[in-house]
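Heads up: the structure comes next, in structure tokens.
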């Protein structure tokens, strides 16, 4: 596989997903809104983190976070949708803050890559990413690293239908724009969820509004207690979910025992 230190994954919520109550980490801009014509504006669910590209799909913290916070949206469309990937959001921020770059993400990389047609005209485009950023400690001679790993860059060049022998000096504006789009907004068609039963926990379940959190007893049915995955709560990774199961299980167990004690008969049954 190929690892990307920091990527940004974006899921655009379409009409099929839009009526699902959101449980994501949302800013006001990400919440469903309606226009004057009573049509819902599209919202996005965005997560960042390390990304792992494998032979069967994507994984890693960024992918796990997106699949957790958009679990209902993914399920609503049968895990068939489109996710946009920005492979180097940290570098873009650097370009804006340090160099004063303006415009859309794509335009910033069109400008940066177009400069390569003058700086390294004889170098082949597929050789490696020509853009670098600092990593590690200051003063480290190896601090500057390509913003896109070499194998991933070669795959992006191939995906853009750019001939492997094309040099930067021969690159057309269309080629440059295609690569800029691949860097900042690569379109990934999602066809299914993990095929190896890698889920940490399931989303959905009994609403927490219907549960007394002090003892995990149902507010609707006295004597009924809940814990773990049957509750509508799920963490980002396995550790949080284990802790949730153990904690709610302990509280529910104590609550159930107390309920049985308080409602038991005061008379001690005798054997005949």
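Residue numbers (the numbering used here): -11 to 260.
Virtual Cβ for every residue (Gly too), placed ideally from N, Cα, C.
Bear in mind the structure is a predicted one, so any value in this text is a computation, not a measurement.
Measuring straight from C-alpha to C-alpha, what distance separates residue 243 and residue 205?
The alpha-carbon atoms of residue 243 and residue 205 are separated by roughly 7 Å.
Does the segment 49 to 65 come into contact with the segment 76 to 94, if we say contact requires no fewer than three beta-carbon pairs (one atom in each stretch) closer than 8 Å?
Of all C-beta pairs linking the segment 49 to 65 to the segment 76 to 94, fewer than three are shorter than 8 Å, placing the two stretches out of contact.
Range of the contiguous alpha helix (DSSP H) that encloses residue 62
Secondary structure note for residue 62: its alpha helix (DSSP H) is the uninterrupted segment 59 to 64.
The segment 35 to 51 contacting the segment 95 to 110, beta-carbon criterion three pairs below 8 Å
Not touching, per the Cβ criterion.
Leaving aside the five residues before and after residue 15 along the sequence, list all residues of the same chain whose C-beta is less than 7 Å from its C-beta, in chain order.
Only weak support exists for where residue 15 lies, its pLDDT of 39 falling under 50; the coordinates are left without a value.
Taking residue 222 and residue 202 to be in contact with their CB atoms under 8 Å, please state how far apart those CB atoms are, rounded to whole angstroms.
About 21 Å; that fails the 8 Å criterion.
Would you mind working out which of -11, 0 and 247 sits nearest residue 173, comparing C-alpha positions?
Measuring from the Cα of residue 173, the nearest candidate turns out to be 0.
For residue 150 and residue 168, what's the separation of their Cα atoms in angstroms?
Going by the C-alpha atoms only, they are around 13 Å apart.
For residue 263, name the three-state secondary structure that DSSP assigns.
In this structure the chain extends from -11 to 260, so residue 263 is not present and cannot be described.
State whether the segment 110 to 121 contacts the segment 135 to 150, with contact taken as three or more CB pairs (one from each stretch) at a distance under 8 Å.
Yes: at least three Cβ pairs fall under 8 Å.
Residue 49 versus residue 69: straight-line alpha-carbon distance, rounded
So the alpha carbons of these two residues sit roughly 20 Å apart.
Bridge partners of residue 161, per DSSP?
None, per the DSSP bridge assignment.
Assign residue 231 to buried or exposed, taking buried as 16 or more other Cβ atoms, counted over all protein chains shown, within 10 Å of its Cβ.
Residue environment: residue 231 is assigned as exposed (fewer than 16 neighbouring CB atoms within 10 Å of its CB, all protein chains considered).
Residue 103 by DSSP, collapsed to three states: which one?
Looking at residue 103 - three-state DSSP - the assignment turns out to be helix.
Give me, in chain order, the residues of the same chain whose beta-carbon lies closer than 6 Å to that of residue 219; leave out the 5 immediate sequence neighbours on both sides.
These residues qualify, in order along the chain: 193 and 194.
May I ask which residues mark the beginning and end of the beta strand (DSSP E) holding residue 36?
That run of the beta strand (DSSP E) goes 31 to 42.
Can you name, in chain order, every residue of its own chain whose Cβ lies under 7 Å from the Cβ of residue 108, other than the five neighbours on each side?
For residue 108, same chain residues with a beta-carbon under 7 Å away, outside a window of 5 residues either side, are 118 and 156 in chain order.
Name, in chain order, the residues that DSSP records as bridge partners for residue 122.
Residue 122 is bridged to 132.
Do you know how far the Cα of residue 89 is from the Cα of residue 146?
Spanning the two alpha carbons is a distance of roughly 28 Å.
In the DSSP output, which residue or residues are listed as bridge partners for residue 85?
None; residue 85 has no bridge partner.
To the nearest angstrom, report how far apart residue 55 and residue 166 are at their CA atoms.
Each residue's alpha carbon lies about 28 Å from the other.
Determine the DSSP secondary structure at residue 232, reduced to helix, strand or coil.
Residue 232 falls in the helix class under three-state DSSP.
How is residue 69 classed by DSSP in three states: helix, strand or coil?
In this structure, residue 69 counts as strand in the three-state DSSP scheme.
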